[in-house]
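In what follows, a single structure is set out as C-alpha cells and then discussed.
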Amino acid sequence: MGFFDRNREQLANKGIDDARLPPGQYLTERFPVLHVGDVPTYAPGDWDLKIFGLVDKPFTINLDELKSMPAVTLLTDIHCVTKWSKFDTTWKGVRVRDLFERAGMQSGAAYIMGHAEHGYTANLPLGDVLLDESLVVYEYEGEEIEPIHGGPVRLLVPHLYFWKSPKWLRGLELRATDAPGFWEQNGYNMYGDPFLEQRFWGD
Ligand SMILES: Nc1nc2c(c(=O)[nH]1)N[C@H]1C(S)=C(S)[C@@H](COP(=O)(O)O)O[C@H]1N2
Ligand SMILES: [Mo]
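Each residue of the sequence shown is one higher than the one before, counting from 18 in my numbering.
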C-alpha cells in the first residue's frame, strides 16, 4: 500500500470521515508554506485593501477599519493543489460579501480578481466569494496571521484549492469577464474544485 492509501486509512483510525479528504489528497498536521517571491513586510498602518472595478463606490480600507467590521470566525479544512490538506483550521475575518455590499456591486459583475503583493493574482467567480465561508481574514488560530502565511491579511475561499486564497491581499476587483490569474496562466484550472480534482486545464 502506498503513502496516499495509508494516509487515507489512518483517517478512519482517528475517527475522521474520509469523505472530507478530496481525491488525490493526503492529510497533514503541518502547515506548509507555499508562495512565489519574498514575504513582504509592512510598517504598522502600511497595509490597505482596495475594492474596485464594477462597483458604484470603490474604496480603500485599512486594517483598523477592517477589524471594526462585523467579524466571522470559521472552522474549515484547506486543500492545496500540491496534494496536502489540513483539517480544522480556524480563521477570523470579514465576509467578502460585506465588503462588496458596501462598495455596491454593479449588475454586470460576474467574476473577481484577487490582487496580492508582488503582482500575484487569482481569479474566481463572483458567486463563490459571496458565500458565507469566503472571508478576508486577519487571524489564524486566534493570533494575527504570520507574515509567511499571508499576514496581515489574506483571502480565504476554503471550498477551492488554496492557490485561490491570495496571501498579502491588496485588492479585490469586480469584473464582467473571467481572466486567468497567476497560476491559472501557468496551467492551473480556472475554477479549482478539490472534490472534482480540478487541478489543471482540462481537469
Ligand atoms: N500572494 C500569494 N498568495 C498565495 C500564493 C502565492 O504564491 N502568493 N500561493 C498560493 C498557494 S499555491 C497556496 S497552497 C497557499 C499557501 O498558503 P500557506 O503558505 O499559508 O500554506 O497560498 C496561496 N496564496
Ligand atoms: Mo498551492
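C-beta atoms are modelled at their ideal positions from N, C-alpha and C, and glycine is treated no differently.
When secondary structure is reduced to three states using DSSP, valine 153 falls in the strand class.
In the three-state DSSP reduction, alanine 120 falls in the helix class (H, G or I). Runs of the alpha helix (DSSP H) lying entirely within the stretch 53 to 87 and spanning at least 4 residues, in chain order: 80 to 84. Rounded to the nearest angstrom, the gap between the Cα atoms of leucine 83 and leucine 66 is 9 Å.
By the criterion of a C-beta distance shorter than 8 Å, threonine 45 is surrounded in its chain by Trp101, Ser102 and Lys103, once the five residues flanking it on both sides are discounted. For glutamate 134, the CB contacts under 7 Å within the same chain, skipping 5 residues up- and downstream, are Pro57, Trp185 and Arg187 in chain order.
Relative to ligand 1, even the nearest heavy atom lies 6 Å or more away from the CB of phenylalanine 217. In the DSSP annotation of this structure, leucine 141 is not part of any alpha helix (DSSP H); the continuous beta strand (DSSP E) holding it starts and ends at 138 to 142. The DSSP-derived three-state label of tryptophan 101 is strand. Look at phenylalanine 179: its beta carbon is less than 6 Å from one of the heavy atoms in ligand 1.
In this structure, the CA atom of phenylalanine 20 is about 24 Å from the CA atom of glycine 209. By the Cβ criterion, the stretch 65 to 81 is in contact with the stretch 119 to 131, since at least three pairs of Cβ atoms, one from each stretch, lie closer than 8 Å. Under the three-state reduction of DSSP, arginine 171 is assigned to strand.
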